[in-house]
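Residue numbers (the UniProt record's numbering): 1 to 313.
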């Protein structure tokens, strides 16, 4: 903890009095931090994890967009914005991790609970507002533009084809599902090639809409975890919504802002397949490259097995 406190003081000139671990997400550790009697939320991406470069590569690209939205849109108060360091940077780091510091949100994550009708309406208004911004934003967004890339597929194919080394338990799970994986890889490779030259309209998308990224604070829905912010077709967000029981309610609100909205089925399918394969690779990557305790590894292997079983259903 001392190294964390030293890093915070060096970059933010804040004297940390308390640092309490919170439930983190897939990508990072999380802490509630108290400094000068004020609460903060600290997110630390561990440099030892194989996935960290993916989650942190675009911090300097997406944070300015969040700041702009916070200042110029109705999303003010509905999205968290990182605090800048004393040097004006959006992040800082030490030998162990990359840090993002936020004001603390006094609220709770929705998580496993269902959204209420009011929360669905709020979420729909947030997404409708987000989707009203396209490539004409007055800030740089070129690095956030969707390119339909599938960078994880080559390593996944090598693993399936036995061209890379893997522990026996991982190999067994992969072999049991190799046919289904190969079919999805063939599908996504074709879609990736076909979609790139198409003149699809791109708008700002969150690309990771689920209840663990939704908080409630004083009855206000807040959408968190913006690492995936992209300029992309709306299907990048709607892939999380189309199968939800509240979808029709969401759509009725969303269409008030976007009356001409219509899903493009093959674009939706691209995002659904890419996400499924991406999640599969994330579990595999942890098993292959991250230093995990025995109980953590057991949970990760179970999650991979579940992901692959659901893929086959």
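Every residue, glycine too, gets a C-beta built ideally from N, C-alpha and C. Just so you know, these numbers come straight off a predicted model, no measurement behind them.
Neighbour-count burial assignment, residue i, 16 or more Cβ in a 10 Å radius
i: residue 48; result: exposed
i: residue 103; result: exposed
i: residue 274; result: buried
i: residue 295; result: exposed
i: residue 236; result: buried
i: residue 233; result: buried
i: residue 300; result: buried
i: residue 56; result: buried
i: residue 27; result: buried
i: residue 240; result: buried
i: residue 242; result: exposed
i: residue 1; result: exposed
i: residue 97; result: buried
i: residue 53; result: exposed
i: residue 238; result: buried
i: residue 82; result: buried
Residues bridged to residue i [DSSP beta-bridge criterion]
i: residue 46; result: 97
i: residue 39; result: 34
i: residue 103; result: 40
i: residue 222; result: 215
i: residue 135; result: Partner(s): none; residue 135 has no beta bridge.
i: residue 22; result: 30
Closest by C-alpha distance to residue i, when choosing among the options
i: residue 204; options: 91, 81, 266 and 226; result: 226
i: residue 140; options: 230, 126, 197 and 194; result: 230
i: residue 32; options: 262, 286, 183 and 107; result: 107
i: residue 221; options: 269, 80 and 235; result: 80
i: residue 95; options: 126, 173 and 6; result: 6
i: residue 164; options: 284, 304 and 267; result: 284
i: residue 114; options: 210, 259 and 217; result: 210
i: residue 307; options: 24, 281 and 291; result: 281
i: residue 265; options: 197, 212, 111 and 191; result: 191
i: residue 201; options: 147, 241 and 253; result: 147
i: residue 189; options: 175, 153 and 228; result: 153
i: residue 157; options: 249, 260 and 186; result: 186
i: residue 19; options: 37, 10, 11 and 25; result: 37
i: residue 174; options: 290, 311, 11 and 24; result: 311
i: residue 75; options: 126, 286 and 228; result: 126
i: residue 23; options: 43, 10, 286 and 183; result: 43
i: residue 39; options: 155, 101, 25 and 72; result: 101
Alpha-carbon to alpha-carbon, residue j and residue i
i: residue 86; j: residue 167; result: 45 angstroms
i: residue 247; j: residue 128; result: 14 angstroms
i: residue 178; j: residue 159; result: 10 angstroms
i: residue 181; j: residue 161; result: 11 angstroms
i: residue 117; j: residue 123; result: 10 angstroms
i: residue 105; j: residue 41; result: 8 angstroms
i: residue 99; j: residue 217; result: 24 angstroms
i: residue 119; j: residue 50; result: 35 angstroms
i: residue 270; j: residue 109; result: 29 angstroms
i: residue 46; j: residue 149; result: 25 angstroms
i: residue 297; j: residue 66; result: 35 angstroms
i: residue 14; j: residue 59; result: 22 angstroms
i: residue 64; j: residue 8; result: 21 angstroms
i: residue 144; j: residue 17; result: 37 angstroms
i: residue 35; j: residue 223; result: 25 angstroms
i: residue 261; j: residue 21; result: 42 angstroms
i: residue 183; j: residue 277; result: 11 angstroms
Cβ-heavy atom distance, residue i to the ligand ATP, below 7 angstroms
i: residue 252; result: Questions concerning the ligand ATP fall outside what the structure shown contains, since it holds no ligand whatsoever.
Assigned secondary structure, residue i (DSSP; H/G/I helix, E/B strand, else coil)
i: residue 142; result: helix
i: residue 115; result: coil
i: residue 318; result: Nothing can be reported for residue 318, as the shown portion of the chain is limited to 1 through 313.
i: residue 17; result: strand
i: residue 63; result: helix
i: residue 57; result: coil
i: residue 186; result: helix
i: residue 215; result: strand
i: residue 302; result: helix
i: residue 280; result: helix
i: residue 242; result: coil
i: residue 109; result: strand
i: residue 230; result: strand
i: residue 204; result: strand
i: residue 71; result: helix
Closer than 8 angstroms to chain B by CB, residue i
i: residue 213; result: This model lacks chain B altogether; it includes just one protein chain.
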